[in-house]
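Step one of this worksheet: look at the structure below.
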Amino acid sequence: MRKKYIFRFAYVLLSASVILSLFINLRINEISKELSVINTEIVELERSKANLNIEYIRKYSFENIENLSKLKSYVRLRVSNLNLDLETPYKANTEDVQETIVMGFGR
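When the count follows our numbering, it moves up by one through the sequence shown with no breaks and lands on 266 for the last residue.
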């Protein structure tokens, strides 16, 4: 009598584990299909992004802008500003050393 209950219990456990594993595999397959669809959409979006980038580069390249300016009869101006008295940015002027005083405190 006891063996009968043990075997039934083992049968129920084994069948439940098989059914559970099948259910989990089905769910994994559904998620995998959704993931593959998302991956194909990502690839399509990356291709369209690359095509838009190429189109942008072609449209706004220097060569195309020069061709458009020639077509509209614009003239390119030669501008050359030469300033010899410029100093390096953020460089402290060593000639006029002033003591820094902040709120009454100095060095």
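From the three backbone atoms N, C-alpha and C, an ideal C-beta is built for every residue, glycine too.
- In this structure, glutamate 225 lies away from arginine 237, with their beta-carbon atoms at least 9 Å apart.
- Leucine 211 and glutamate 200 have their alpha carbons spaced roughly 16 Å apart.
- In this chain, threonine 259 is not harboured by any alpha helix (DSSP H), its DSSP state being neither H nor E.
- For lysine 162, the uninterrupted alpha helix (DSSP H) run begins and ends at 161-218, by DSSP.
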